[in-house]
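Undergrad: If you scroll down you'll find the structure; I have some questions about it.
2 protein chains.
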Amino acid sequence: MATLSDVARRAGVSPATASRVINGSSKPVTDELRERVLAAVAELQYVPNAHAQLLARSHRSAVGVIVHDVSDPYFAEITRGLQRVATDQGRLLMICNSYRDPDRELEYVELLRGHQVAALILAGSGYHDDAFTRQLNEKLAAYEATGGRVAVIGRHEHSGDAVMPDNRAGGYLAGRELCELGHRAIGVVAGPRILTTTTDRLAGLRQALAEQGLDLPERRIRYAEFDRDGGAEATARLLDADPELTAIAALNDSMAIGALATLRARSLAVPQRVSVVGFDDMPIARDVTPALTTVRLPLVDMGVRAMSLVLGVEAPAPRVEVLPAELVRRDTAGPAPQAARGTAGVAPSPRRGADGS
Amino acid sequence: MATLSDVARRAGVSPATASRVINGSSKPVTDELRERVLAAVAELQYVPNAHAQLLARSHRSAVGVIVHDVSDPYFAEITRGLQRVATDQGRLLMICNSYRDPDRELEYVELLRGHQVAALILAGSGYHDDAFTRQLNEKLAAYEATGGRVAVIGRHEHSGDAVMPDNRAGGYLAGRELCELGHRAIGVVAGPRILTTTTDRLAGLRQALAEQGLDLPERRIRYAEFDRDGGAEATARLLDADPELTAIAALNDSMAIGALATLRARSLAVPQRVSVVGFDDMPIARDVTPALTTVRLPLVDMGVRAMSLVLGVEAPAPRVEVLPAELVRRDTAGPAPQAARGTAGVAPSPRRGADGS
DNA sequence: TCCCTGCGGGAAAGGGCTTTCTCTGCGGTA
DNA sequence: TACCGCAGAGAAAGCCCTTTCCCGCAGGGA
């Protein structure tokens, strides 16, 4: 690899001058020398060693991001928002997938700290695991003590800046919708128990049911991986235990899609026989058939805000931005079948026509 | 930030010794000193400066990856394969999204070179753009000249190691399937014209039709963005121009999903009235309704192989691994409607039942 | 004419780490 | 007893940049 001194030597100038030309320093350099340096750079295909630059420069610029999995649409959307702001500010993003492994998360905090990132963003559910939470907070505190900025998206455990989707309110919306459609036998397809996102959404759901005098026994809940196959499997178990279920609330859209697959495999019509609601409103939700009724979270916006928080002015008090959830009615949730209903209602038909686009 | 000399001072040893303990050097250190160093590390929450390490160490370890967009399922799958091998070998991956912008791609090659990556992998279609191709090849050659390894996935333009999905054969399979089902009026929903992937797949398709004495006029092809909305829009234009179409070949699954949305909006039954085939077999393909008939590419495997190529022994001659495409029959492709058929055939019904899972 | 100023350029000091080289002191052999 | 070898630790030389500091020179004011 050509180095700066190679360039300088070839151009017949000092490394200092070469550096100034290459970085567009404010210090003036005569056109003559500038040309020579630029020519040498081109001839040698010189690219500055980023590590040497970062070592020599004092200010840190890159931002580290830890998500569960960027290829999961939930995080893909959030990341899109993070990217947007970062790119606008000329920041490089280092994105790490923890694959929902707390240890890996801890390791990545170290790794990113070692890479001298200016800020750290943790996106994705926290864990009900005190030992882990304590360790993480220690590491984050150590990082912040050295001037690093931290923001979290959707997790309570950190005491600093945070962007919080209103998971509980979202759960409530999903629950209320199903209740209003007359459903009484509602099963829940939930993500891993250890995730706070799961319990938050579940709490909202439970509250909505409680307002209708319904309770949500554990046998009506199945915990599984937060993905398509987890949803399919949990739905199957739910249906096996309780064939009379008329509605399924899935705690994210991937699981909802898995639920739809299971229902289709069992020839249970959606929404005529069983209604389904999802959560997140990922892009694919409108393209499955029937189109998925779900709870929308402003994912891109969450990313935008978190990045703004972390790149903006430092606030004395930690800022917590709660972003609202919103029900999106499509075609998978309809009135409960007559036989199973507690109240009179309209004929069981989809709420909306096909999704024109 | 605590530095190595802080640790050394605190432990009462030299930086050299501290470094040896921290990195588990082969040089022996007495237990006494080792303990002291470790204690100091813990107390100071010391994390080595990655840039300083990379600068001091001679060997490069990270691998750079340039894809169009990791959140696109096509690349998400490839990346999964790349990750798997990289993680096994303890390599860090730096993933960059070019968002199909050639200039950005060029910039990222520089950036990654600057970050001293040991190897570079470019995934995703090449461009029909000679100026760009030449520039890219120059940059890659310069990088290889300094000992960097390069592999590409799915692009012809590079002369070194490559993993190539057989796009042309895949296009052929899709075309043949539609022909065998009796379709004669086939529209193509294509990606951007400038991408070699588009033209390769199209060439295979055209060949299959040609074998049936059918040609594929330009008016039966619509080029659009390689995503869901592009597919929806292209399908609409195709149908407007030629309402008698009985089949749509989409050049990737995202576009196929867009096509299905348009067909649904226009109440054209799939596959009874119009058949659809996709390309790639991304995970969601089996979950749309009807489940998508498509051409499968071994995406994860493509990633695995590319990374193995680049981390394995250097070969004198460039290696090109061509991975076969395979037709996956699901429910969106059925026999052409009687009125439109050239040959007798079975009743128009799906090829398969619901996707049990 | 002399001094001061300011400009353009180079020398050199880091930045934090790894690693080679060197040094000390010990045990073992002749 | 004299010498050799080696284990274990430290000194110091880089790795490749950026940036401060300093120097020489030319031009302008006194």
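Those protein sequence lines, which keep their order, are chains S and P.
For the first sequence, this note's numbering assigns the number 646 to the initial residue and increments by one for each residue that follows.
For the second sequence, this note's numbering assigns the number 646 to the initial residue and increments by one for each residue that follows.
From the three backbone atoms N, C-alpha and C, an ideal C-beta is built for every residue, glycine too.
Owing to the predicted nature of the structure, the values given are computational and were not obtained by experimental measurement.
Rank P:G657, P:G769, P:M927 and P:G979 by C-alpha distance to the C-alpha of P:R821 and give the top, closest one.
TA: Of the listed residues, the one whose Cα sits closest to P:R821 is P:G979.
Undergrad: Classify S:P810 as helix, strand or coil using the three-state DSSP reduction.
TA: DSSP places S:P810 in strand when its eight states are reduced to three.
Undergrad: Distance, Cα to Cα, P:A999 vs P:E752?
TA: Residue placement at P:A999 is poorly supported in this model, since its pLDDT is 36, which falls under 50; the coordinates still yield a value, given next. Answer to the nearest angstrom: the Cα atoms are 46 angstroms apart.
Undergrad: Between which two residues does the alpha helix (DSSP H) holding P:S953 run?
TA: L944 to L956 is the span of the alpha helix (DSSP H), which, as asked, contains P:S953.
Undergrad: Can you find the residues in the same chain that come closer than 6 angstroms, C-beta to C-beta, to P:G1001, ignoring five residues on each side of it along the sequence?
TA: Reliability of the predicted coordinates at P:G1001 is poor, the pLDDT of 35 falling under 50, and the value obtained from them is presented with this limitation in mind. Hits under 6 angstroms: none found.
Undergrad: Going by the beta-carbon positions, is the gap between P:L883 and P:R867 smaller than 9 angstroms?
TA: Yes. Within cutoff.
Undergrad: Beta-carbon within less than 7 angstroms of P:F924's beta-carbon, same chain only, minus the 5 sequence neighbours each way: which residues are those?
TA: Correct list, in chain order: G815, A819, R846, A895, L896, N897, D898, T939 and V940.
Undergrad: Taking S:R800 as the reference, which of S:A695, S:E966 and S:V945 has the closest Cα?
TA: The option with the nearest alpha carbon to S:R800 is S:E966.
Undergrad: Going along the chain, which residues of the stretch 700 to 713 of chain S sit with their C-beta nearer than 7 angstroms to a C-beta in chain P?
TA: Cβ contacts with chain P: L700.
Undergrad: Between P:Q734 and chain S, is any beta-carbon pair separated by less than 9 angstroms?
TA: No, no contact with chain S.
Undergrad: Mind checking the stretch 747 to 767 of chain P against chain S and listing, in chain order, the residues whose C-beta falls within less than 8 angstroms of any C-beta there?
TA: So the list reads E755, L756, R758, G759, H760 and Q761, given in the order they occur along the chain.
Undergrad: Please name the residue in S:Q690, S:L689, S:S664 and S:G876 whose C-alpha comes closest to that of S:L678.
TA: When only C-alpha atoms are compared, the closest one is S:S664.
Undergrad: Just the Cα atoms here: how many angstroms apart are P:R964 and P:H803?
TA: Near 11 angstroms, if we compare the C-alpha coordinates of P:H803 and P:R964.
Undergrad: With 7 angstroms as the limit, tell me which residues of the stretch 669 to 697 of chain S have their beta carbon closer than that to any beta carbon of chain P; keep them in chain order.
TA: Result list: Q690, V692, P693, N694, A695, H696 and A697.
Undergrad: Show which residues of chain P have a CB atom less than 7 angstroms away from the CB atom of S:D887.
TA: In chain order: nothing, as chain P lies at least about 20 angstroms away.
Undergrad: Of all the CB atoms in chain S, is at least one closer than 9 angstroms to the CB of P:A835?
TA: Chain S, which has no Cβ nearer than 9 angstroms to the Cβ of P:A835, makes this no.
Undergrad: Using CA coordinates, which residue listed in P:G759, P:E688 and P:G903 is at the minimum distance from P:V834?
TA: The shortest C-alpha separation from P:V834 is found at P:G903.
Undergrad: Between P:D676, P:T891 and P:M646, which has its C-alpha nearest P:V658's C-alpha?
TA: Nearest option by C-alpha distance: P:D676.
Undergrad: Is P:Q728 close to chain S? Criterion is C-beta to C-beta, closer than 9 angstroms.
TA: Yes, P:Q728 lies at the interface with chain S (some Cβ there is under 9 angstroms from its Cβ).
Undergrad: Check the Cβ-Cβ distances between P:R941 and every residue of chain S, and say whether any is below 9 angstroms.
TA: So, not an interface residue.
Undergrad: Would you say the beta carbon of P:T841 comes nearer than 8 angstroms to a heavy atom of the ligand ZN?
TA: With respect to the ligand ZN, the structure offers nothing, as it holds no ligand at all.
Undergrad: Counting only beta-carbon atoms, is P:I866 nearer than 9 angstroms to chain S?
TA: Chain S, which has no Cβ nearer than 9 angstroms to the Cβ of P:I866, makes this no.
Undergrad: With a threshold of 9 angstroms between beta-carbons, can P:P660 be considered close to chain S, or not?
TA: Chain S contact via Cβ: absent.
Undergrad: List the whole-angstrom C-beta distance separating P:G759 from S:A695, where the pair is believed to meet the contact cut-off of C-beta under 8 angstroms.
TA: So it is a contact: roughly 4 angstroms between Cβ atoms.
Undergrad: Using beta-carbon positions only, say whether S:L738 and S:V754 come within less than 9 angstroms of one another.
TA: Taking 9 angstroms as the Cβ cut-off, S:L738 and S:V754 do not qualify as a contacting pair.
Undergrad: Report yes if the C-beta distance between S:T934 and S:D885 is below 9 angstroms; otherwise report no.
TA: Their beta carbons are not under 9 angstroms apart, which means S:T934 does not touch S:D885 by this criterion.
Undergrad: With 16 other CB atoms within 10 Å as the buried threshold, where does P:S920 fall?
TA: When all chains shown are included, P:S920 counts as buried.
Undergrad: Nearest to S:L890 by alpha carbon, out of S:A684, S:A936 and S:L823?
TA: Nearest option by C-alpha distance: S:L823.
Undergrad: Assuming contact is defined by CB atoms lying nearer than 9 angstroms, are P:V762 and P:G792 in contact in what I supplied?
TA: No, they are not a contact pair.
Undergrad: Give me the subset of the stretch 898 to 913 of chain P whose CB atoms are less than 8 angstroms from a CB atom of chain S, sorted by chain position.
TA: Cβ contacts with chain S: I902, G903, L905, A906, T907, R909, A910 and S912.
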